Every structure is written in structure tokens, then in C-alpha cells.
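Asks: Got a structure for you, questions after.
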Amino acid sequence: MRKRFVAIWFRHLITDWFIIRQPALKNQPFVIAAPDHGRMLITAVSAAAQAQGLETGMALADARAMVPGLQVFDDQPELAQKLLLGLGKWTIRYTPSAAVDLPDGLLLDVTGCAHLWGGELPYLQEIIARLNAFGYGVGAAMADSIGAAWAIARYGKTGAVVGSEEQTAVILSLPPAALRLEMQVLSLLQKLGLHQVSSFAAMPRSALRRRFGPALLNRLDQALGREEEMILPIEVIPPYQERLPCLEPILTATGIEIALQRLLETLCKRLQQEGKGFRTALLKAYRVDGKVEEVSIGTNRASHNEVHLFRLFEDKLRSIEPALGIELFVLEATKADDVAAAQETLWTSGCRMDSISFAELVDRLTNKIGANAIRRYLPEQHYWPERSFKAAACLQEKTTTAWRNEKPRPMQLLPVPEPIEVSAPIPDYPPMLFRYQGKLHRIKKADGPERIEREWWLDEGLHRDYYAVEDEAGQRYWLFRSGHYDEDNYRWFIHGFFA
Amino acid sequence: MLSEKSEIIAQLKKDMLLLQGCRPPSAATVSVNLGAVNAAFPNAVFPTGTIHEFQSNAIESTAATGGFIAGLLSTLMQQGGVCVWISTARTLFPPALKNFGIEPDQVLFVDLQRKKEVLWTMEEALKCEGISAVIGELNDIDFTTSRRLQLAVEKSRVTGFIIRQHPRDNNAIAAAARWKISPLPSQLSNGMPGIGAPRWAVTLTKVRNGQPGTWQLEWLDGRFNTITTEVVLQPLIAERKIG
Numbered sequence: 001m002r003k004r005f006v007a008i009w010f011r012h013l014i015t016d017w018f019i020i021r022q023p024a025l026k027n028q029p030f031v032i033a034a035p036d037h038g039r040m041l042i043t044a045v046s047a048a049a050q051a052q053g054l055e056t057g058m059a060l061a062d063a064r065a066m067v068p069g070l071q072v073f074d075d076q077p078e079l080a081q082k083l084l085l086g087l088g089k090w091t092i093r094y095t096p097s098a099a100v101d102l103p104d105g106l107l108l109d110v111t112g113c114a115h116l117w118g119g120e121l122p123y124l125q126e127i128i129a130r131l132n133a134f135g136y137g138v139g140a141a142m143a144d145s146i147g148a149a150w151a152i153a154r155y156g157k158t159g160a161v162v163g164s165e166e167q168t169a170v171i172l173s174l175p176p177a178a179l180r181l182e183m184q185v186l187s188l189l190q191k192l193g194l195h196q197v198s199s200f201a202a203m204p205r206s207a208l209r210r211r212f213g214p215a216l217l218n219r220l221d222q223a224l225g226r227e228e229e230m231i232l233p234i235e236v237i238p239p240y241q242e243r244l245p246c247l248e249p250i251l252t253a254t255g256i257e258i259a260l261q262r263l264l265e266t267l268c269k270r271l272q273q274e275g276k277g278f279r280t281a282l283l284k285a286y287r288v289d290g291k292v293e294e295v296s297i298g299t300n301r302a303s304h305n306e307v308h309l310f311r312l313f314e315d316k317l318r319s320i321e322p323a324l325g326i327e328l329f330v331l332e333a334t335k336a337d338d339v340a341a342a343q344e345t346l347w348t349s350g351c352r353m354d355s356i357s358f359a360e361l362v363d364r365l366t367n368k369i370g371a372n373a374i375r376r377y378l379p380e381q382h383y384w385p386e387r388s389f390k391a392a393a394c395l396q397e398k399t400t401t402a403w404r405n406e407k408p409r410p411m412q413l414l415p416v417p418e419p420i421e422v423s424a425p426i427p428d429y430p431p432m433l434f435r436y437q438g439k440l441h442r443i444k445k446a447d448g449p450e451r452i453e454r455e456w457w458l459d460e461g462l463h464r465d466y467y468a469v470e471d472e473a474g475q476r477y478w479l480f481r482s483g484h485y486d487e488d489n490y491r492w493f494i495h496g497f498f499a
Numbered sequence: 001m002l003s004e005k006s007e008i009i010a011q012l013k014k015d016m017l018l019l020q021g022c023r024p025p026s027a028a029t030v031s032v033n034l035g036a037v038n039a040a041f042p043n044a045v046f047p048t049g050t051i052h053e054f055q056s057n058a059i060e061s062t063a064a065t066g067g068f069i070a071g072l073l074s075t076l077m078q079q080g081g082v083c084v085w086i087s088t089a090r091t092l093f094p095p096a097l098k099n100f101g102i103e104p105d106q107v108l109f110v111d112l113q114r115k116k117e118v119l120w121t122m123e124e125a126l127k128c129e130g131i132s133a134v135i136g137e138l139n140d141i142d143f144t145t146s147r148r149l150q151l152a153v154e155k156s157r158v159t160g161f162i163i164r165q166h167p168r169d170n171n172a173i174a175a176a177a178r179w180k181i182s183p184l185p186s187q188l189s190n191g192m193p194g195i196g197a198p199r200w201a202v203t204l205t206k207v208r209n210g211q212p213g214t215w216q217l218e219w220l221d222g223r224f225n226t227i228t229t230e231v232v233l234q235p236l237i238a239e240r241k242i243g
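The listed protein sequences correspond, in order, to chains F and Z.
Residue 421 in UniProt numbering sits at position 421 of the first sequence, and the numbers go up by one each step.
Residue 198 in UniProt numbering sits at position 198 of the second sequence, and the numbers go up by one each step.
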């Protein structure tokens with residue numbers, strides 16, 4: 001089969017990327033510079049700067065003299081490679097085999113792909129339009145060899161689709177720089193007045209090799225398609241995805257369950273072999289009428305246990321509306337993690353926080369009632385009661401500090417302290433009686449005060465003097481006075497109930 | 001002759017318990033030391049692997065109930081066990097559990113909006129074998145729903161605690177015991193001023209195959225102590241007056 005290649009050339013890859021991130025830079029001359037041998041050299045110029053005569057490789061001082069008010073950004077090493085890799089991965093939608101062509105291009109092997117977009121010209125135009133819409137100025141061309149596509153993308157008409165019969169003619173009309181030659185060879189050709197490929201392509205090969213080295217012949221052959229050239233495709237990790245097309249549209253709940261079971265079986269097997277497990281999974285059901293029904297689940301720890309995952313899905317399968325029928329099921333592990341190797345305990349004394357059965361229970365609860373409802377607390381180093389604990393991020397999280405219990409803490413704590421009426425004798429003595437919710441409590445025993453200062457670096461306000469008190473019925477309360485006794489703005493509150 | 005008779009009666013009582021479906025305690029059962037209260041239970045062992053019901057009418061008694069349950073949990077949750085605490089309007093202060101010998105990070109709190117969700121979550125949690133205990137705070141629960149929980153527990157042998165706060169209806173539910181915990185004045189050992197260890201009047205109003213009664217317990221040094229001296233019996237007197 002005749003091979004077809006597309007070369008994409010990003011005219012201003014790095015500066016375009018800057019403009020995408022900071023749209024204010026559009027139409028402004030700016031350059032990217034990097035230090036080199038004690039001076040600043042320009043490594044990339046924006047389109048506006050290029051129009052004013054600046055080019056890469058100039059000294060920054062010269063550029064500043066030519067264009068006053070020139071903006072300069074620091075060069076980020078490897079930025080181009082990173083950007084091209086990202087763009088290359090994006091182009092995998094057009095072809096399975098895409099390669100990065102440093103410093104400023106991409107190469108796509110598009111053999112057999114173009115007809116899916118309705119022909120070669122619409123295909124290439126689609127790519128160019130999409131990249132332009134992103135904000136990248138590109139030149140692109142399609143030809144029979146990598147060398148030809150590369151040359152035409154940069155030196156020919158952009159968006160050109162060159163067939164095999166006209167390819168040689170087009171290449172011959174291009175300047176020698178289109179052949180990806182080294183600077184010395186190019187300047188030599190320039191010196192000899194060979195301004196077009198056609199002016200030396202017909203020369204004897206032995207003479208060319210003697211004069212310019214083997215590289216010129218090699219590149220010429222590659223451009224003319226006489227020599228095969230390979231590209232090194234970017235490898236994209238295949239997603240953890242399984243598809244199940246159905247011969248007949250599925251209408252029943254049983255059918256959906258069977259489909260899910262099959263998908264889980266194959267995908268779990270694959271994940272198990274790779275030592276991975278589901279963290280989130282998405283089941284898509286493509287309906288005959290073109291709509292897509294989706295359900296997703298999440299787990300608290302990576303799992304490839306089919307039965308457990310099926311149970312998580314089970315509750316949600318009801319929300320799938322088959323309508324006229326489902327013709328395709330796709331199950332994807334949208335997030336997969338390494339499975340911690342489960343160690344079998346010899347004596348199963350019960351569940352622990354990190355047991356699998358407990359994690360599975362939490363998964364079921366999370367999927368039914370939501371993760372916000374489920375909390376686990378860890379101690380935090382604060383004396384302020386409301387801040388003395390924090391929510392744990394996961395079941396496996398360990399405590400970093402110990403829980404304190406040297407001071408009395410109530411069993412029940414009101415979320416917001418409630419004001420109470422109190423009669424307290426002398427400063428810093430516990431109250432004699434207090435009224436809470438219309439009921440009078442006479443205090444028989446008391447402990448305190450325990451002063452807890454407000455953490456001024458977190459919030460402002462008065463300190464609290466806590467008293468543990470017991471009334472005549474034996475009910476124990478946690479009261480506090482906010483502020484000093486001798487100041488006017490002190491108030492009494494009830495905050496908790498002791499066991 | 002007399003001792004023989006009492007032996008026969010004891011043996012008969014044991015046989016009756018077996019016939020009534022009350023399993024004898026096995027080696028795996030965690031024995032909760034409740035002091036004198038243990039005598040009220042069949043075989044004199046705190047029944048684990050079933051449902052216990054607690055009733056409270058005021059937040060003070062909810063706090064006392066919480067303390068008492070935490071005391072029970074400290075034995076049930078030995079060696080890194082976990083428990084699930086489910087409620088709709090939780091005011092429990094997690095760090096306080098440490099006073100009863102529980103690591104609060106071993107407790108999973110589930111805070112929900114509706115009673116229906118609480119019941120579903122309780123059932124799911126009770127079905128999970130190996131959990132030390134499941135605590136559910138509820139207002140009302142009907143008999144049928146409590147049967148569901150009881151059935152779940154019979155299979156998984158998890159201990160469940162239902163705290164009924166301000167129950168509108170005093171209906172019977174499927175539970176091994178119905179408790180009422182109310183606070184009692186504490187006392188420091190040698191008449192020192194200040195508040196002592198938490199003390200409660202523990203009332204067992206119903207026990208399956210057991211003997212109901214009232215006891216005074218104190219949580220001191222990580223275990224329950226039965227108070228026998230200086231009987232105050234305030235709650236009982238109050239109850240009689242009402243009755």
C-alpha cells in the first residue's frame with residue numbers, strides 16, 4: 001500500500017503557546033531568550049516580532065535596539081518537547097501513529113486514515129483548522145514520503161496535498177533548505193549558486209557525494225521517496241476499556257446485568273494481571289437512538305474484585321433507561337491504581353480500618369449516600385475544642401499525633417455554644433446556678449477553670465474559661481465564660497454534656 | 001438435697017435457654033465485664049452479636065448513654081477493631097471517646113439526612129462481618145424494621161446499638177435488651193471536692209431470657225465498677241412517683 005505522511009510545522013510553537021496562556025500578548029512583539037556564552041540569545045520570536053525583522057539566534061541586545069519596548073521572556077528548557085508531545089498525543093485522534101519532530105513539528109503516518117474524514121484534502125484542512133483554533137499557526141502538507149511532507153509543509157504551499165506523480169516536481173522547485181540539510185552544506189550550496197533542488201538533483205551522484213558528503217544524497221532520496229524512512233510513534237498507554245457490542249439491542253435489566261458482568265470479567269482479569277484495580281469506573285450504554293446512558297462508581301481502595309464491583313454498580317443500573325435498546329456497552333476504568341497486595345491474616349480477629357471487607361462496605365455506602373456523609377477523624381494539635389480534630393482523607397491515613405485525654409472533654413458537644421444565664425459569685429469561681437432552655441440547674445460540684453486561648457493566628461475573639469460542672473441531679477455540663485470577668489463584654493455559654 | 005435441687009434447676013434453666021435459641025457463649029465471644037449487671041443476662045454473659053436498644057429523653061442522658069456505650073465499645077473494639085456510628089444529627093464529640101479507651105480514628109462516622117438512609121446504612125454495616133459494633137442514633141423504629149436488623153445481625157454476629165432519642169412511641173423492637181442510662185452524681189474517693197468519674201444509673205427495662213433491674217455503675221480506670229454503697233436510687237424514686 002502506498003504510504004502517506006503528514007508533516008505539521010508550528011511556525012511559532014513557543015510564542016503561540018505564550019499567547020494562548022496570556023491573550024494580551026497577541027499582536028505584541030515579544031521574544032524568548034536564553035543565556036549563551038555570557039549574552040542573551042533569542043530562542044523564539046513571536047509573529048509580530050518577526051514582522052519587525054527579529055529572528056531566532058540574534059543577540060537580545062541587538063533585538064532591543066531594533067524594537068524598543070520589546071518584551072522578553074525566559075526560555076524554559078524542554079518546553080518545545082513537552083508541547084509537541086502533548087500535541088502529538090492529541091493528534092492520535094487522526095492517526096494511530098504520530099511522532100514528535102523536534103524542534104518544531106509533528107509527523108503523522110496517515111496511511112489509510114484520510115478516507116474517514118472524507119478524503120485527503122478535508123482531512124488535512126480539518127487538522128489545520130483545529131490547530132489554528134487552538135491558537136497555533138501551522139504549516140502542513142501531505143505527501144508520499146516523510147521528507148517530501150516535511151519540505152512542502154515548510155517551504156511549499158501550506159495545506160498542500162501532493163500526489164505521487166507531482167511530488168518530484170514540487171520537491172525539485174524547492175530551495176535546498178527543504179531537504180533538512182546541515183548549515184555547512186547549505187552555505188556551500190548557496191555559495192555555488194545552487195538555489196533550487198532541481199539545480200543539483202540531476203548531477204552525478206558520485207560528484208555530489210564527494211562534494212557534499214553522503215547526507216545530501218540520503219536526504220534527497222528520502223524527499224523523493226527513493227529511500228524508506230521510519231518514524232518513532234509516541235506510545236499512548238491503551239486505556240483500561242472494554243467494549244461489548246450487542247447483536248440485538250438490549251432492552252431488559254437482566255440483559256444489562258449480563259453485559260456488565262462480561263465486561264467486568266474481562267477488564268478485571270486484565271487489571272489483575274497488571275496489578276491494578278479500579279478507583280473509578282464508568283459504564284456507558286450507547287442506545288439505538290444515539291443517546292448515551294452513563295453510570296459511574298468509585299472505590300476507596302483499588303479493587304479488581306468482580307463481585308464487589310458488580311454490587312456497586314447494581315444499585316445504579318436501574319437509572320439506565322434502555323428506551324429502544326442498547327447496542328453497545330463500554331466499561332472504562334477512568335482511574336486505576338496499584339492494588340496493595342493483600343496479606344492474608346492467619347487469625348481473622350475482625351475488621352480493621354485497612355481490611356478489604358471494610359473498604360468494600362465503605363464503597364457501598366459511598367456509592368449510595370455520597371462520600372460527604374462518611375467521616376473519619378484524626379487528632380489535630382489544637383486546644384480549641386472545635387479544631388481539635390480533622391477529617392481524615394482516607395481510611396488508611398494514620399494519626400500523626402496522639403489523641404489527648406488529660407483534660408476533661410464532653411461526650412456531646414454543641415456545634416455552636418449556646419448562651420446561658422448564670423449567677424457566678426466571685427471572679428474565676430464556677431457559677432452557682434445556670435438556666436438552660438428554661439430549666440434551672442443548681443451546681444453542686446465543679447472543676448475548672450481551664451482557660452483555652454483563642455488561636456489569634458486563625459481567628460480573633462475572646463478566650464474561653466471552661467468549667468466542668470455537675471448539678472444536683474448528677475448531670476454534668478461543660479460551661480465557659482468568654483472573656484475576662486472584670487470586663488463588660490463577658491458572656492456565659494454552655495458547650496457540652498459530659499457522660 | 002437442697003443443693004441437688006438447685007443444681008437441677010440451674011441445669012434445667014440452661015437447657016431452656018438452649019431450647020429458646022440462646023447460644024451458649026463460645027471462646028470467640030468477647031466478654032464484657034459489666035460487674036453486677038452481668039448476672040441479669042442469660043448465662044451471665046453480656047450478649048454480643050445482637051441488637052441493644054437504648055432510650056434517652058434528654059441530651060444529658062444521651063451523653064450518659066454515649067459514655068456507657070463507649071465503655072462497652074472499649075472491650076468490643078479490642079485489637080484495632082472498627083465501629084460505625086450512624087446518625088442524623090450527631091453531637092458526639094469524637095475526642096471524648098479517648099476517655100473511654102477508644103481510639104476515635106477507629107470509628108467511622110456516617111452523618112445522614114434522613115431516617116430511611118440511617119436504617120439502610122445500619123443494615124449494610126450490620127451485614128459486614130468482622131465489624132466490632134454498629135451504633136445508630138434514631139428517633140423511632142418500628143418492629144418490622146428492627147427485625148430486619150436483627151436478622152442481619154444473626155448471620156454476621158455483629159453487635160448493634162440503637163440509641164432512640166426522644167422516642168415518640170415506646171414500641172417494642174426486636175432487641176436483646178432495652179437500656180436506660182441516666183447520669184448520677186459523681187463522687188471522688190475521699191470526699192474531695194470536684195467532679196469524679198462518670199457514674200450512671202443503668203436500668204435494664206427488658207432483657208431477653210434475663211432479669212431486668214437497676215444498677216449503679218462507674219467508669220473508672222478503664223472499666224465498669226458497680227457501686228453498692230450509699231444507694232441513692234434517685235431515678236427509681238422519681239419513676240415511682242410518676243407511675
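From the three backbone atoms N, C-alpha and C, an ideal C-beta is built for every residue, glycine too.
Computed from a predicted model, the values in this text were never measured in an experiment.
1) List in chain order: all unbroken beta strand (DSSP E) runs of 3+ residues lying wholly within the region 209-286 of chain F.
2) Compare the C-alpha of residue 505 (chain F) against each of F:Glu182, F:Gly298 and F:Tyr477 and name the closest.
3) Does DSSP classify tyrosine 123 (chain F) as helix, strand or coil?
4) With distances taken from CA atoms, which of F:Lys398, F:Gly275, F:Leu282 and F:Glu182 is nearest arginine 243 (chain F)?
5) Would you call the region 160-173 of chain Z and the region 431-447 of chain F in contact, with 3 or more CB pairs under 8 Å?
6) Determine whether the Cβ of lysine 445 (chain F) lies closer than 7 Å to any Cβ atom of chain Z.
7) Give the DSSP bridge partners of methionine 142 (chain F), in chain order.
8) Spell out whether any CB of chain F is found under 7 Å from the CB atom of cysteine 128 (chain Z).
9) Does any C-beta atom of chain F lie closer than 7 Å to the C-beta of lysine 5 (chain Z)?
10) With a threshold of 16 other CB atoms inside 10 Å of the CB of asparagine 99 (chain Z), please say whether the residue is buried or exposed.
11) Is DSSP giving isoleucine 242 (chain Z) helix, strand or coil here?
12) Is the beta carbon of leucine 414 (chain F) sitting closer than 7 Å to the one on threonine 399 (chain F)?
13) List, in chain order, every chain Z residue whose beta-carbon is nearer than 8 Å to that of arginine 375 (chain F).
14) Taking only beta carbons into account, state which residues of the region 74-92 of chain Z come closer than 7 Å to chain F, listed in chain order.
15) Taking DSSP as the reference, what is the three-state secondary structure of serine 355 (chain F)?
16) Suppose you measure from the CA of phenylalanine 18 (chain F) to the CA of aspartate 104 (chain F); what does that come to, to the nearest Å?
17) Of all the CB atoms in chain F, is at least one closer than 7 Å to the CB of aspartate 140 (chain Z)?
18) Three Cβ pairs or more, each shorter than 8 Å: is that satisfied between the region 104-112 of chain Z and the region 168-175 of chain Z?
19) Please list, in chain order, the chain Z residues whose beta carbon lies closer than 9 Å to that of leucine 378 (chain F).
20) Does the beta-carbon of asparagine 367 (chain F) have 16 or more other beta-carbons within 10 angstroms, so that it is buried, or is it exposed?
21) If I follow the unbroken alpha helix (DSSP H) through threonine 159 (chain Z), where does it start and stop?
22) Can you grab the Cα-Cα spacing for the pair glutamate 293 (chain F) / arginine 287 (chain F), in whole Å?
23) Taking C-beta to C-beta, are isoleucine 69 (chain Z) and valine 153 (chain Z) nearer than 7 Å?
24) Does any CB atom of chain Z fall closer than 7 Å to the CB of glycine 105 (chain F)?
25) Since I believe phenylalanine 329 (chain F) is in contact with alanine 393 (chain F) (beta carbons under 8 Å), could you give me their beta-carbon distance rounded to a whole number of angstroms?
26) Cutting at 6 Å between CB atoms, please list the residues of its own chain near histidine 304 (chain F), excluding the five before and the five after it.
27) List the DSSP bridge partners of residue 249 (chain Z).
28) Does isoleucine 59 (chain Z) come within less than 7 Å of chain F when only Cβ atoms are used?
29) Terminal residues of the continuous beta strand (DSSP E) containing glutamate 418 (chain F)?
30) What is the residue span of the alpha helix (DSSP H) that threonine 65 (chain Z) lies within?
31) What residues from chain Z crowd round isoleucine 420 (chain F), counting only those whose CB sits closer than 8 Å?
32) Are the region 191-200 of chain Z and the region 464-481 of chain F touching, with three or more C-beta to C-beta distances below 8 Å?
33) Return helix, strand or coil for serine 3 (chain Z), following the three-state DSSP convention.
34) I think aspartate 144 (chain F) touches glutamine 167 (chain F), with their Cβ atoms under 8 Å apart; what is that distance to the nearest whole Å?
35) Does the beta carbon of leucine 361 (chain F) come closer than 7 Å to any beta carbon on chain Z?
36) In chain F, what lies closer than 9 Å to isoleucine 195 (chain Z) by C-beta?
Replies: So, to answer that:
1) With a minimum length of 3 residues, the continuous beta strand (DSSP E) runs that stay inside the region 209-286 of chain F are 241-250.
2) Residue coverage of chain F in this structure runs from 1 to 499, which leaves residue 505 (chain F) outside it and unanswerable.
3) In the three-state DSSP reduction, tyrosine 123 (chain F) falls in the helix class (H, G or I).
4) Taking arginine 243 (chain F) as reference, the option from F:Lys398, F:Gly275, F:Leu282 and F:Glu182 with the minimal CA-CA separation is F:Leu282.
5) no
6) Yes, lysine 445 (chain F) counts as interfacial toward chain Z.
7) F:Val6 and F:Val161
8) Judged by the 7 Å Cβ criterion, cysteine 128 (chain Z) is in contact with chain F.
9) no
10) A residue is called buried once 16 or more other Cβ atoms fall within 10 Å of its Cβ, and asparagine 99 (chain Z) is buried on that count.
11) Only weak support exists for where isoleucine 242 (chain Z) lies, its pLDDT of 47 falling under 50; the coordinates are left without a value.
12) no
13) Leu108, Phe109, Val110 and Asp111
14) Gln79, Gly80, Gly81, Val82, Thr91 and Leu92
15) The three-state reading of DSSP puts serine 355 (chain F) in coil, since its state is none of H, G, I, E or B.
16) Put simply, the backbone Cα of phenylalanine 18 (chain F) is about 15 Å away from that of aspartate 104 (chain F).
17) no
18) no
19) Pro104 and Asp105
20) Around the beta carbon of asparagine 367 (chain F), 16 or more other beta carbons sit within 10 angstroms, so the residue counts as buried.
21) Run containing threonine 159 (chain Z): none in the alpha helix (DSSP H); it sits in the beta strand (DSSP E), 159-165.
22) 7 Å
23) For isoleucine 69 (chain Z) and valine 153 (chain Z), no; Cβs fall outside 7 Å.
24) no
25) Actually they do not touch by this definition, with Cβ atoms about 33 Å apart.
26) Counting only Cβ-Cβ distances below 6 Å, and skipping sequence neighbours, we find Cys268, Leu271, Gln272 and Gly277.
27) Only positions 1 to 243 of chain Z appear in this structure, which leaves residue 249 (chain Z) out of reach.
28) yes
29) For glutamate 418 (chain F), the enclosing beta strand (DSSP E) stretches over residues 412-419.
30) 59-76
31) The contacting residues do not exist; isoleucine 420 (chain F) stays about 14 Å from chain Z at best.
32) yes
33) helix
34) 6 Å
35) yes
36) Pro408, Lys445, Ala446, Asp447, Ala468, Val469, Glu470, Arg476 and Phe498
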